[in-house]
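In what follows, a structure is listed as structure tokens, so that the remarks can point back to it.
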Amino acid sequence: MHSSADSNAPIISISASRKKAILKKMIQIRQFEERAGELFHQKLIPGFIHLSIGQEASTVGSCASLRPDDYIISTHRGHAHILAKGADPKYMFAELLGKKTGYCKGKGGSMHIADFSLGILGANGVVGGGFPIMVGAGMSIKLRKTDQVGMVFFGDGASNRGTFHEAANMAAVFKLPIIFVCENNNYASTSHAKVMVAGGSIAARAKAYDMPGYTVDGSNVLDVLEVVQRAVDLARSGGGPSIVETATYRYRGHFEGDRQEYRTIQEINAHRMHRDPIARFEKLLVAYNTINLDYIVKIWHETAEDIEKAIHFGMESPLPAPEDALKGLFVNS
Amino acid sequence: MHSSADSNAPIISISASRKKAILKKMIQIRQFEERAGELFHQKLIPGFIHLSIGQEASTVGSCASLRPDDYIISTHRGHAHILAKGADPKYMFAELLGKKTGYCKGKGGSMHIADFSLGILGANGVVGGGFPIMVGAGMSIKLRKTDQVGMVFFGDGASNRGTFHEAANMAAVFKLPIIFVCENNNYASTSHAKVMVAGGSIAARAKAYDMPGYTVDGSNVLDVLEVVQRAVDLARSGGGPSIVETATYRYRGHFEGDRQEYRTIQEINAHRMHRDPIARFEKLLVAYNTINLDYIVKIWHETAEDIEKAIHFGMESPLPAPEDALKGLFVNS
Amino acid sequence: MRTRQISVSKAIVEALTEEMQRDESIFIIGEDLVSHGGIFNQFKGLPALFKDRIIDTPISETSIVGCGVGAALTGMRPIVDMHFADFVTTAMDEIVNQMAKIRYMFGGQAKVPMVLWAPDGGGISAAAQHSQSLESWFVHTPGLKVVVPSDPADVKGLLKAAIRDDDPVMFFQHKKLFGKRGAVPEEEYVIPLGKAAVKRKGKDITIITYSRMTSVCLEAGRRLADIGIEAEVIDLRTLKPLDFPAIAESVQKTCCAMVVHEACLTGGFGGEIAACIGEELFDYLAAPVMRIGAKDVPMPFSPVMENFVLPQVEDVCACAEKIMKRKRK
Amino acid sequence: MRTRQISVSKAIVEALTEEMQRDESIFIIGEDLVSHGGIFNQFKGLPALFKDRIIDTPISETSIVGCGVGAALTGMRPIVDMHFADFVTTAMDEIVNQMAKIRYMFGGQAKVPMVLWAPDGGGISAAAQHSQSLESWFVHTPGLKVVVPSDPADVKGLLKAAIRDDDPVMFFQHKKLFGKRGAVPEEEYVIPLGKAAVKRKGKDITIITYSRMTSVCLEAGRRLADIGIEAEVIDLRTLKPLDFPAIAESVQKTCCAMVVHEACLTGGFGGEIAACIGEELFDYLAAPVMRIGAKDVPMPFSPVMENFVLPQVEDVCACAEKIMKRKRK
Ligand SMILES: Cc1ncc(C[n+]2csc(CCOP(=O)(O)OP(=O)(O)O)c2C)c(N)n1
Ligand SMILES: Cc1ncc(C[n+]2csc(CCOP(=O)(O)OP(=O)(O)O)c2C)c(N)n1
Ligand SMILES: [Mg+2]
Ligand SMILES: [Mg+2]
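Residue numbers (my numbering), protein chains in the order written: chain A, 98 to 430; chain B, 98 to 430; chain C, 1201 to 1529; chain D, 1201 to 1529.
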């Protein structure tokens, strides 16, 4: 069961328009994150933020297999997941900027963005906090007898929390339609996965729960989509949960401001240069004549414009009133 | 790594006197538990108690591989582990009876017996509560650079707690000298392990942490000893942790008073008749001429006398004073 | 109103049966529910009635509570059985950081209609890890409601209200009360969360209590009456929302008060109530507000010590007499 | 006594260095300690000095705390770093049912000399799951000591005392205080647990506080002085053991008091103190004891709302003035 997608396989047979949408989403995420980083360093975004630059293929490939009514749960490094599931960048920026118009009316910030209307059950500031909640979403799907699925994103570091084990076992015991997507970017803050994950493989742990486990090159978006789609199909057809581990890499520090004494610039540059998920996908699509260079330039440009509009919306939005803090704790308050 | 001891192997080459001591310990535990059950039903023991009758080979075989300075941590079903590590039944009965002379001065009761002088770091009323504590004992051994080992007992049910996963991973990451002994008696209270443990095997989960995992017939004390000794030797020589799963069975309810609607009398009787660990070991020792029938009768008799003396000690001991409740919370109180 | 005498256990089963029949989105999840009907037989008979909606789980409390949260967020109304209240300790992140905060921190997008049902309290020689009363942690956690009923009628009415509530509710059921019997109305009723009940009328002193200590205080009330002290006993029933007006009304009349709970004294909810009375009713007070709680140690196993640690009728009487002496000065 | 001005961070490093040099059984365990020197750089330089005794772990808080307990039981003196105090929620069984109870429930056979070091508090836009002040849960847990220091000198002296203590200590280090500077003695010293400090002398009103709120109250004290109110500010420094005599001495003089903490109001430690004052000093009180805490909501992210939720100097001043008005009546 512990297999990896064959990367010599022909390009996955999805339509050209889907491929374009996937590329566009990856570019949107990249630009969102870069601009979020800038706004943070300009001290316009309070608190702290964790960016996903470098991990776009893993996230977009995973979410591309989902339907609008499927659920996802995200992490502290959540912007990408939320965008990939369809969230609107303008409400996201508004939230990051602490504005009243944000997804959470300024109460959540970077680590707590959700859009329940899109099945986004929320980012989570507690590492590994999403696993048990996804068990509940899966149980709910089962009890309501729909054919939705739930996808819970987590990092290599999160795989060491007890919640992973409990949730994986429960998902398997109840055959819940859950896909556990581990985005293994090598690091949990400062610690390397090779040191902290005994045995080194999170996908291999699937075997302990008698479920399929896959490892996939997380810089190749179509590989990710193919493997995750397999897991989604299984879940949707009542076959129960799977674990997918994507090998990925973050270019930025753990959080913005991280001194990164635990790795070298050379290491980061090697990834950037040889394994950048967007560059790789662009090259592939051009090679297969799905798109041309002009098209790429156009997308980057269009997306950038949209992002600026979204930032503008956030910047121009009003702050919450101080007393808004007292609203919304209970259903009738 | 997931192997089982070959039960056709010749009788493990330990001395006759060790074999006799092992038999005697199993009989002592059986008698302790039977009498504890009686005292409970006579309403002399307050609270609730969980008995290990039927599981003696698993426990005694495991502890027989330990040195006096090694550590164990036990569970809610702890009497057997504690006796097997050398505790004195008289202070145990005194504790069960809520007396001042008990191991814990009457503050602990059945689920909280410890004898730190014997390396017994305590039973634990929280299922799976022992795992993280054993990680600490293991870390302490490593930091103090001794060649002790630690053994943490747990049930099939406890294997589903997140603490199992975290502790197994940490033990592997730090190569701690820990032996995880899962006494799989098929049931977690009313639930069957086949239903609740995804994949069905706890030993197989060892692979997820890159450590050895063994399954062994828990009604054959020498098989248990042989396998556990292997794990202990590995730990003691710096090779890190292992998981041993013993296939065992409890004859009594989960707790005394359990209606046991989740299983049949036939099932219990089949185990009693065909797989009783004490009867099997006696037969084996007689077959190999290590002992004869008279000797067996003598041990049962002697042990029974000792148990009665221990009960007598407990019964005659004074109750704590009510105000003793206020003592001993802090080191200087 | 026609009533019958039934036990708390029966009241629980009635409440659950009625609500589960009414609303298909309710389900119960936890350990040992199906064969046992719950570890205290509190769900007896339900598994036969609601086959797929009573769910036995592995021993994974963290995930069980999380499962409730996730199901509540996606259209269900879960009741999570905690086995023993002490085991909330294995799921505090799920309770405090998720269940309580999700609605607020996501800007009110979601609701979390779930009941965390937890048998708490001591008195059964279950020792330190199976005897705790932990309600004050949750009163201190914004986003939760906290229910602490004391008799069969309240259990039934409050459990129904908790299930129908769209916010997360911690429902602490004292485990020594399962067998307690009392009059319960025959027709359907719901007791709104946040309403205290005066369980004994009196003009001399206000005794504020909840959960099992209510019967202890009522017995103390009877004994105090024998020596001419008429105590008013208020059973709070829910700690959050708190019915402070009910407390104020009584204290304005009696001009003195004491709080009695089983949780250990220091840092217990009694401090909150005493502080509120001190703040709001300072000019009425003719004597200090006193508190009684368990002594500040883990619960010892041996009954002689456990009884000493737990508040007793005598303790309540002695404290009330002391206050009355001050008041009369 | 010669002093220097150093930051809280520096005071922490000094305390740890001195103690770890003195006692080889001390080690520090947690996440991201080695490369980062702790997530707040609070252990900077230590990894180089004590190579094998600063231990980075997987993200497994339950086991990290349990690891501390097991090591403490077997001869070591662990310091467990919780990353953020909010994550105690992932290890409450280990803290409450094991660390706090083991000594007692095993009849005093064992001791658990460990420090659980947890950066708490809000004010840095870290939102609901990274901003909590949870000390009152632990004050309500028999078997624990609770330290809540407010300035560099206290941090150093109390951390040393906590490390030397043979019982488990919860050490809450407010995360907004790391950069706070103050005079710290050059020679070695230890501040015993359970001793409050009068940080400002005054005859009119007693303000009882701790942790970051101490500086808020001191600033309020300065402003109140401008309008003729001399506030006495008591920094409790440790909540358990509690230095009630220090409180009593002050209240007997001022005849009125208020409590200020950053934890949310309801169920907070302020209730305990107000209740104790009400019980013990009833006859001295010329006005109600008032409490100030954060508003009863999870911490909102946006600074405008966060500032509104957290107690501010103005709130303290307004409350003190209100009490003084009552007192003068
Ligand atoms: C329970 C918990 N422990 C620790 C933290 C602090 N923390 C935030 S992110 C992080 C590292 C997470 O690593 P990983 O799961 O690999 O995700 P990544 O950051 O690589 O996306 C840590 C330790 C936390 N938020 N929650
Ligand atoms: C965390 C926790 N959850 C639930 C319980 C209640 N409980 C006590 S024993 C038990 C079953 C344990 O099963 P297993 O681990 O297989 O051990 P066995 O009883 O078979 O020896 C349960 C659910 C508990 N004590 N602690
Ligand atoms: Mg990572
Ligand atoms: Mg079992």
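Note that the Cβ used here is the ideal one computed from N, Cα and C, for glycine as well. Since we're looking at a predicted model, the values are computed, not measured.
Interface residues of chain F around residue 366 of chain A at Cβ under 8 angstroms? Among the protein chains in the structure shown, which are A, B, C and D, there is no chain F.
Three-pair Cβ contact test at 8 angstroms for the stretch 1224 to 1234 of chain C versus the stretch 1367 to 1378 of chain C: no
Per-residue DSSP class, three states only, for residue 1193 of chain D: Nothing can be reported for residue 1193 of chain D, as the shown portion of chain D is limited to 1201 through 1529.
Between residue 211 of chain B and chain C, is there a C-beta pair that is closer than 8 angstroms? no
Consult DSSP for residue 1527 of chain D and reduce its assignment to one of helix, strand or coil. Note: residue 1527 of chain D maps to helix in three-state DSSP.
According to DSSP, what are the bridge partners of residue 1317 of chain C? DSSP output for residue 1317 of chain C lists C:1281, C:1371 as bridge partner(s).
Within the 8 angstroms Cβ cut-off, does residue 1336 of chain D reach chain C? yes
Just to confirm, does residue 224 of chain B get its C-beta within under 7 angstroms of one of the non-hydrogen atoms of ligand 2? yes
Give the range of the alpha helix (DSSP H) segment to which residue 155 of chain A is assigned. 153 to 160 is the extent of the alpha helix (DSSP H) around residue 155 of chain A.
Give me the chain B residues within the contact set of residue 296 of chain A, using Cβ-Cβ distance strictly less than 8 angstroms, ordered along the chain. 269, 304, 305, 306, 307
Of the choices D:1476, D:1435, D:1474, D:1221, whose alpha-carbon is the least far from that of residue 1355 of chain D? D:1435
Mind checking who residue 249 of chain B pairs with in its DSSP beta bridge? B:170, B:277
Per the DSSP calculation, residue 1329 of chain C is bridged to which residue(s)? Answer is none; residue 1329 of chain C lacks a bridge partner.
Please tell me whether, using a cut-off of 7 angstroms, the distance from the CB of residue 145 of chain A to the nearest non-hydrogen atom of ligand 1 is below it. For ligand 1, not one heavy atom lies less than 7 angstroms from the Cβ of residue 145 of chain A.
Residues in its own chain within less than 6 angstroms of residue 244 of chain B by CB, not counting five upstream and five downstream? 333
Using the Cβ count rule (16 or more neighbours within 10 Å means buried), how would you classify residue 253 of chain B? By the 16-neighbour rule on beta-carbons within 10 angstroms, residue 253 of chain B is buried.
Anything with a beta carbon under 6 angstroms from a heavy atom of ligand 4 counts; list them all in chain order. B:252, B:253, B:254, B:282, B:284, B:285
When we look at the beta-carbon of residue 354 of chain B and count the other beta-carbons within 10 Å, is it buried (16 or more) or exposed? exposed
When the cut-off is 8 angstroms and only beta carbons count, does residue 101 of chain B lie next to chain A? Because residue 101 of chain B carries a pLDDT of 43, less than 50, the predicted location of this residue cannot be relied on, and the following value inherits that uncertainty. No, no contact with chain A.
Can you find a CB in chain A that lies within less than 8 angstroms of the CB of residue 292 of chain B? yes
For chain D, check one thing: does any of its Cβ atoms lie closer than 8 angstroms to the Cβ of residue 370 of chain A? no
Is any heavy atom in ligand 2 found nearer than 7 angstroms to the beta carbon of residue 1391 of chain C? no
Whose C-alpha, out of A:424, A:157, A:381, is nearest the C-alpha of residue 183 of chain A? Of A:424, A:157, A:381, the residue nearest in Cα terms is A:157.
CB contact below 8 angstroms: residue 1258 of chain D versus chain A: Chain A, which has a Cβ nearer than 8 angstroms to the Cβ of residue 1258 of chain D, makes this yes.
Would you decide whether residue 1332 of chain C is buried or exposed? Buried here means 16 or more other CB atoms lie within 10 Å of its CB. Buried, by the Cβ-count rule.
Just to confirm my understanding: we take residue 1430 of chain D, look at its own chain, exclude 5 residues before and 5 after, and list those with CB closer than 6 angstroms. What are they? Cβ contact annotation for residue 1430 of chain D (same chain, cutoff 6 angstroms, sequence separation greater than five): 1402, 1403, 1404, in chain order.
Below 8 angstroms on the Cβ atoms is my guess for residue 222 of chain B versus residue 1330 of chain C; work out the distance and round it to an integer in Å. 6 angstroms
Between D:1378, D:1341, D:1256, D:1398, which has its C-alpha nearest residue 236 of chain B's C-alpha? D:1256
If we call anything under 8 angstroms between Cβ atoms a contact, is residue 260 of chain A one with residue 259 of chain B? yes
Decide if the stretch 336 to 348 of chain A is in contact with the stretch 141 to 161 of chain A; the criterion is three or more beta carbon pairs, one per stretch, under 8 angstroms apart. Yes, the stretch 336 to 348 of chain A is in contact with the stretch 141 to 161 of chain A.
What residue range does the beta strand (DSSP E) around residue 1385 of chain D cover? 1381 to 1385
Over what stretch of residues does the beta strand (DSSP E) that includes residue 1255 of chain D continue unbroken? That run of the beta strand (DSSP E) goes 1254 to 1256.
Compile a chain-ordered list of the residues in the stretch 258 to 288 of chain A whose CB is closer than 7 angstroms to at least one CB of chain C. 259, 260, 263, 264, 266, 267, 270
Taking 8 angstroms as the CB-CB cut-off, is residue 1378 of chain C touching chain B? Look at residue 1378 of chain C: its C-beta is not under 8 angstroms from any C-beta on chain B.
Taking only three categories from DSSP, how would you classify residue 330 of chain B? helix
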